[in-house]
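The numbering of the sequence shown is the working numbering, which starts it at 92 and goes up by one.
No residue lacks a Cβ here, since even glycine has one placed at the ideal position from N, Cα and C.
Just so we're clear, the structure is a prediction, and the values are computed from it rather than from any experiment.
Presented below is the structure to which this report refers.
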Amino acid sequence: MTEQTSSTETPRRIVVAGGGPAAHRFADAMHARGLDGWHVTVLTEEAHLPYDRVALSKALTEKGVDLTLGTASMWDHPSLDLKTGERVVKINAEAKTVETAAGNVFEYDELVVATGSNAARLPIPGAEHTHVYRTLEDVWAINEAITGLTEKLGRRVNAVTIGGGLLGLESAAGTEQLGANPIVIDGSQWLMATQLDEGAGQAMGRLIKGKGFEVHGGVFPSEVLSDDDGQVTGVLMADGRVIDADIVIVAIGVRPRDELFRAAEGEEQVFSLGQRGGVVINDYCATEVDGIWAIGEVANYGGMCLGLVAPANTMAEIVADRLHGGDATFPGFDTATKLKLSGVDVASFGDAFAKTEHALEIVYADPARGVYQKIVTTDDAKTLLGGIFVGDASPYMSLRPLLGRELPAEPGAFLSAAGGGEAPETELPDDATLCSCNNVTAGTIRDAINGCGACEGNAPVQELGELKGCTRAGTQCGSCVPMLKKLLETELTKSGVEVSKALCEHIELSRQELFDAIRVLELTSFEEIMAKYGTGAGCDICKPTIANILASQNSAYVLDAGRGTLQDTNDRALANMQKDGTYSVVPRIAGGEITPKKLGVIAAVAEKYHLYTKITGGQRIDMFGARLEQLPEIWKELVDAGFESGQAYGKSLRTVKSCVGSTWCRFGVQDSVAMAIQLELRYRGLRSPHKLKMGVSGCARECAEARGKDVGVIATADGWNLYVGGNGGATPAHAQLLAKDLDDETLIKYIDRYFMYYIRTADRLQRTARWQEELDGGIKHVEDVVVKDTLGIAADLEAAMAKHVDTYIDEWADTLKDPERLRRFRSFVNAPDQKDDSITFVPDERGQMRPATPEEKGKVLIGASIPVRSSNENEV
Numbered sequence: 092m093t094e095q096t097s098s099t100e101t102p103r104r105i106v107v108a109g110g111g112p113a114a115h116r117f118a119d120a121m122h123a124r125g126l127d128g129w130h131v132t133v134l135t136e137e138a139h140l141p142y143d144r145v146a147l148s149k150a151l152t153e154k155g156v157d158l159t160l161g162t163a164s165m166w167d168h169p170s171l172d173l174k175t176g177e178r179v180v181k182i183n184a185e186a187k188t189v190e191t192a193a194g195n196v197f198e199y200d201e202l203v204v205a206t207g208s209n210a211a212r213l214p215i216p217g218a219e220h221t222h223v224y225r226t227l228e229d230v231w232a233i234n235e236a237i238t239g240l241t242e243k244l245g246r247r248v249n250a251v252t253i254g255g256g257l258l259g260l261e262s263a264a265g266t267e268q269l270g271a272n273p274i275v276i277d278g279s280q281w282l283m284a285t286q287l288d289e290g291a292g293q294a295m296g297r298l299i300k301g302k303g304f305e306v307h308g309g310v311f312p313s314e315v316l317s318d319d320d321g322q323v324t325g326v327l328m329a330d331g332r333v334i335d336a337d338i339v340i341v342a343i344g345v346r347p348r349d350e351l352f353r354a355a356e357g358e359e360q361v362f363s364l365g366q367r368g369g370v371v372i373n374d375y376c377a378t379e380v381d382g383i384w385a386i387g388e389v390a391n392y393g394g395m396c397l398g399l400v401a402p403a404n405t406m407a408e409i410v411a412d413r414l415h416g417g418d419a420t421f422p423g424f425d426t427a428t429k430l431k432l433s434g435v436d437v438a439s440f441g442d443a444f445a446k447t448e449h450a451l452e453i454v455y456a457d458p459a460r461g462v463y464q465k466i467v468t469t470d471d472a473k474t475l476l477g478g479i480f481v482g483d484a485s486p487y488m489s490l491r492p493l494l495g496r497e498l499p500a501e502p503g504a505f506l507s508a509a510g511g512g513e514a515p516e517t518e519l520p521d522d523a524t525l526c527s528c529n530n531v532t533a534g535t536i537r538d539a540i541n542g543c544g545a546c547e548g549n550a551p552v553q554e555l556g557e558l559k560g561c562t563r564a565g566t567q568c569g570s571c572v573p574m575l576k577k578l579l580e581t582e583l584t585k586s587g588v589e590v591s592k593a594l595c596e597h598i599e600l601s602r603q604e605l606f607d608a609i610r611v612l613e614l615t616s617f618e619e620i621m622a623k624y625g626t627g628a629g630c631d632i633c634k635p636t637i638a639n640i641l642a643s644q645n646s647a648y649v650l651d652a653g654r655g656t657l658q659d660t661n662d663r664a665l666a667n668m669q670k671d672g673t674y675s676v677v678p679r680i681a682g683g684e685i686t687p688k689k690l691g692v693i694a695a696v697a698e699k700y701h702l703y704t705k706i707t708g709g710q711r712i713d714m715f716g717a718r719l720e721q722l723p724e725i726w727k728e729l730v731d732a733g734f735e736s737g738q739a740y741g742k743s744l745r746t747v748k749s750c751v752g753s754t755w756c757r758f759g760v761q762d763s764v765a766m767a768i769q770l771e772l773r774y775r776g777l778r779s780p781h782k783l784k785m786g787v788s789g790c791a792r793e794c795a796e797a798r799g800k801d802v803g804v805i806a807t808a809d810g811w812n813l814y815v816g817g818n819g820g821a822t823p824a825h826a827q828l829l830a831k832d833l834d835d836e837t838l839i840k841y842i843d844r845y846f847m848y849y850i851r852t853a854d855r856l857q858r859t860a861r862w863q864e865e866l867d868g869g870i871k872h873v874e875d876v877v878v879k880d881t882l883g884i885a886a887d888l889e890a891a892m893a894k895h896v897d898t899y900i901d902e903w904a905d906t907l908k909d910p911e912r913l914r915r916f917r918s919f920v921n922a923p924d925q926k927d928d929s930i931t932f933v934p935d936e937r938g939q940m941r942p943a944t945p946e947e948k949g950k951v952l953i954g955a956s957i958p959v960r961s962s963n964e965n966e967v
């Protein structure tokens, strides 16, 4: 171990070979610990300051984006010297010098090699015409090539990515954002085979294909074809097929850049190299030659070299600690990965493949819908060993810090896709790692928040950005940011501090503030809103929220003007996706009233398209089992018969349930059916923070269950009683009485005000019941605003609702009129006339259609919930 030097001695010289993330982290770690007695020289062959390779996809799609790591001012320190354009080509361990390609020689006392890796190339004919995905120059070249070819060819470019791992899928997603047709070739039988098991990989493949990606798996390419000018024309596969291509990107992995150790000079010098490359290091990141360390992708530990940011950062910190007299050791590789691209959520961590003896796997599998969730535990189902999540990775955030610990609830409770709801609340112990990239524990986060010495001056941290800067948590891959924000809010609440209502890390305004800003400034696009109030490209929180706000204020077609990419899956398809990958069709049946003729139309459609039918709890008829390409055909028949979209897919009004009322019932005192129809036609298409349901009962017997609805209306002999804030679901709530004995006009006026006030002030995905509970004053405050108009905004709320009523359009009728809009409803983007026949149905014993069993169609049963099973095939 190297002893720490005194400030009175000549500074010891540290040379760092390489200028990537690992090199930057080492320099940063030395800077943070103090450079008294040290001088650090970083030699990087690139022309840039060290940048974040994890975020390369941003540079592919956003010109001019700055990926610089840390703060550039760090390099102004007199004991830190960054030299760009200097590639180290030789080590002379005996003389303790390194030589660069430019012929410059640098002396060192300690050498830290952080040369990283090179992108692997394909040893096939035509490989010279391919691109790789490794540096800024690489992604800039891809951007330029796709942009130029699109202009030259006058069509969408066929962009083939060879490699179906993390990097390959990021590359393919980037080409899709640039307007190309994304095509993925992978030699494995399923995507991301290194991180995902077969079930997860198959679900991943279905999701990717559903996003318009063309995937060719299980076959390797044998040649990249090109014309006489060197322009790529296709990829010849080993099975003889030719895949059309205009550009080919190779993302099949990386190879450690260990050539310095192979060419090093010096007497009796021996560097051990791994079987697949990389220099062997011990548990404190030292090589076998004294004074030479290796960190990052070039370092081989335990027979492995990994291109992940977390272990590289840990290695850098360990070497800095050792040079300052510490005794830190490398704990091994953290292989946790999280990826989100084109709306596809994927995460894998710990013993994801259940290799631990007697490990249990608790699995929910729904490949047709692209959802797969697996938790791996010890044989007593208590200690968490790992997990895989595809399609819905929300449990990852709360589970990842609990790796190796006893779970606070039954494992199945964390499988959100299986209907368990949100993951159980967990109080992370102080020593649990919250940010694996930077090895930051929950205790360190709490210290920073509470001002217990983590930051200069012991000042408490109360803002997310400040907390990230202080602790480094959430500053790299970003997957821990939601948990970081949650921990911040929890600790601030404990301290009696008002918690920030920021929508997300990209938008500091709350949903209410953002809604008002968009309304006042009459902003109409996501780009305008982000330019004025946001930072970055947005996320899966702010994008659908902004789409919802725009839809609430503007009745224009919800998928036009770039708004389609912001919407959730159901909104994009204008239909609810079901567990078997098909969609449901739900026409509006206002108030539950329907003519025999219209019933006949529904019956005929269901028979024609072999759909399962059911009366819903909201007095509508659901038809299940429609394929994506069938939706326009089905809706044309329904629209022609006078039906319109029931918007069962949107955060909007669903139904207004009614009893038969005074028209037929001997107890009815008001015409509940007529009122229900009037209300449903008035509020149809009204977008809101969450779905809305209403009920109208013709008497106090409450047959329409109005008090279980967001807005409930109950008839009296003197008019209508209005109840608000009721919900079903996981936390049922009875609606509360707002006003009594109202005439029709006053009833509608109050509902107008209530709905619009809720839409303007509620948080994202907040039901009316929870919104009312959190209002200062609760139902009394609602009464003051809606009935008494104490805020003086009643007229404005009524005018906003009147605008909605006047500008309402039926989304499916509008879709059918426009061929461009109809292009969304294709199972295969590259083969629009091909049907998706992967899902088949057969009649059950009741005469209804159901998905076929594996025996009936020779395929894996979809939507199956798999019980706890052992990793030993003979144990269940």
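The residue among L476, L888, A791, D905 with its C-alpha nearest the C-alpha of I839 is L888.
In the three-state reduction of the DSSP assignment, K705 falls in the strand class. Nearest neighbour of A666 by Cα position, chosen from N639, Q738, S643, turns out to be Q738. Shown here, L829 sits in a strand according to DSSP, grouped into three states. In the displayed model, V203 falls within a strand according to three-state DSSP. Between V787 and L829, the C-beta spacing is not below 8 Å.
Residue range 305-308 is occupied by the beta strand (DSSP E) that includes E305. A Cβ-Cβ distance of about 7 Å is found for the pair T221 and I340, placing them in contact under the 8 Å criterion. Annotated as proximal: L327 and S313, with beta-carbon spacing under 8 Å. Contact annotation: R844 and A826 have beta-carbon atoms that are not nearer than 8 Å.
By the criterion of a C-beta distance shorter than 6 Å, D854 is surrounded in its chain by R602, once the five residues flanking it on both sides are discounted.
Counting only runs of 3 or more residues that sit fully inside the segment 170-221, the beta strand (DSSP E) segments are 171-175, 179-183, 188-191, 196-198, 201-204, 208-210, in chain order.
With fewer than 16 other beta carbons inside 10 angstroms of its own, N373 counts as exposed.
Taking a cut-off of 8 Å for Cβ pairs, the segment 490-502 and the segment 465-476 touch, as three or more such pairs fall below it.
Judged by DSSP secondary structure, D713 falls outside any alpha helix (DSSP H) and instead within the beta strand (DSSP E) spanning 712-717. Spatial neighbours of K784 in its own chain (CB-CB distance under 7 Å, excluding positions within 5 residues in sequence) are listed in chain order as G709, R745, T746, K800, D801. When beta bridges are read from the DSSP output, G477 appears opposite G441, V467. When the Cα atoms are used, A419 and I640 turn out to be separated by approximately 51 Å. In this structure, the alpha-carbon of G869 lies about 31 Å from that of D897. 8 Å or more divides the Cβ of V361 from the Cβ of W384. Of the residues K446, Y487, V481, F197, the one whose Cα lies closest to the Cα of D470 is K446. Between G556 and S646, the gap from beta carbon to beta carbon reaches 8 Å or more. Residue pairing from DSSP places C526 in a beta bridge opposite V531. Secondary structure of P273 (DSSP, three-state): strand. Rounded to whole angstroms, the gap between the alpha carbons of R225 and A210 is 6 Å. For L783, the enclosing beta strand (DSSP E) starts and ends at 783-788. Look at V611 here: in three-state DSSP terms it is helix.
DSSP places R844 outside any beta strand (DSSP E); the residue lies instead in the alpha helix (DSSP H), whose first and last residues are 835-852. The segment 371-437 contains, as complete alpha helix (DSSP H) runs of 4+ residues, the segments 400-414 (chain order).
Taking A664 as the centre and dropping the five residues before and after it, the same chain places the C-beta of Y674, L719, L722, Y740, R915, F916 closer than 8 Å to its C-beta, in chain order. For K727, the enclosing alpha helix (DSSP H) begins and ends at 722-731.
Out of P216, F311, S208, L227, the CA that lies nearest to the CA of I253 is found in F311. Counting only residues of its own chain and dropping the five nearest sequence neighbours on each side, A138 has a CB closer than 8 Å to the CB of T175, G176. Looking at the DSSP output, P312 shares a beta bridge with M328. Taking one beta carbon from each stretch, the segment 623-643 and the segment 689-706 have fewer than 3 pairs nearer than 8 Å; the two do not touch. Looking at the DSSP output, P347 shares a beta bridge with S208.
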